[in-house]
């Protein structure tokens, strides 16, 4: 059984920053890809950023230059540094990892509002 525990969400003003963390635990052999998705109210879940085991990253166009994804392989943890936050970044953020299967976290709310 694999568990993902997310932390770091909250309320922030436009232009502010937040750092999300997601720690994976359980029967993990090898994580090939880790990533963050988000789902705003009334919208479909969308990919925000992904990172492979060799450190290759991919970002949604809407967050390029503002968000940075990173991972600590020793800790099976993925991070999302979010800077220059905008109101349109408001959403529930989910982390995901891919091993032999794909696993999802429970989600953490990020609200950008003045």
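In my numbering, the protein residues as written are 45 to 158.
Just so it is clear, CB atoms sit at the ideal spot from N, CA and C, and this is done for glycine as well.
1. Going along the chain, which residues of its own chain have a beta-carbon closer than 6 angstroms to the beta-carbon of residue 114, five neighbours each way excluded?
2. Give me whichever residues DSSP pairs with residue 190 in a beta bridge.
3. Residue 82 and residue 92: beta carbons closer than 8 angstroms?
4. Looking only at C-alpha atoms, which of 154, 153, 126 sits nearest to residue 110?
5. Compare the C-alpha of residue 62 against each of 98, 141, 120, 112 and name the closest.
Here's the rundown:
1. Within the same chain, and ignoring the five residues on either side of residue 114 in sequence, the residues whose Cβ sits closer than 6 angstroms to its Cβ are 123.
2. Outside the modelled stretch of the chain, which goes from 45 to 158, sits residue 190, for which no answer is possible.
3. For residue 82 and residue 92, yes; Cβs fall inside 8 angstroms.
4. Comparing Cα-Cα distances from residue 110 to each of 154, 153, 126, the minimum goes to 126.
5. That would be 112, whose Cα lies nearest to the Cα of residue 62.
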